[in-house]
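Asker: Please find one structure pasted underneath; my questions will follow.
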Amino acid sequence: MKKGQHNYKSIYTLMMIPNDEDKIKTYNFPKWTLKVLTYILVSLLIITFIFTYSFLDMRKQYAKKSKNIERLEIINDKQKLQIDELKKYTQDIKEKINHLNELEKEV
């Protein structure tokens, strides 16, 4: 090969040599296929890591929000009880006011 020239047809050869007397299998593929396969593999790994991270983050957020919902449901139940008590108190107060109004009318 002369200086400054490139061999663009350079290839990798993969030889499969069996232990017994079978025929040796050779596979030839150009060098660019190794680069392409490497880029594809790296891209797939990056995509897999991104999706895995997103999935784990989403699970963590779901667990956090589930705990928050449970806490809010407990608070909601307590507030319902307090509202029921306040309704009873207001009913009692209304009855007392009505009774006092009746007494005032009598006097």
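So for the sequence shown, my numbering puts the first residue at -11; every next one is plus one. C-beta: ideal position from N, C-alpha, C; glycine also. On a predicted model such as this, the values are computed, not experimentally measured, just so you know.
Can you tell me whether DSSP reads I28 as helix, strand or coil?
Answerer: helix
Asker: Using DSSP with H/G/I as helix, E/B as strand and the rest coil, what is M(-11)?
Answerer: For M(-11), the predicted model reports a pLDDT of 48, less than 50, meaning its position is unreliable and no value from the coordinates is stated.
Asker: Quick one: what's got a C-beta closer than 8 Å to T1's C-beta in the same chain, skipping five residues either side?
Answerer: Excluding sequence neighbours, T1 sits near T14, Y15, N16.
Asker: In angstroms, rounded to a whole number, what distance separates the CA positions of E58 and Y41?
Answerer: 26 Å
Asker: What are the start and end residues of the beta strand (DSSP E) that includes I(-1)?
Answerer: -1 to 4
Asker: What are the start and end residues of the beta strand (DSSP E) that includes N134?
Answerer: Nothing can be reported for residue 134, as the shown portion of the chain is limited to -11 through 95.
Asker: Would you mind giving the Cβ-Cβ distance between I(-1) and K19, rounded to the nearest angstrom? I have them listed as a contact below 8 Å.
Answerer: 7 Å
Asker: Tell me whether E90 sits in a helix, a strand or coil according to DSSP, three-state version.
Answerer: Correct three-state label for E90: helix.
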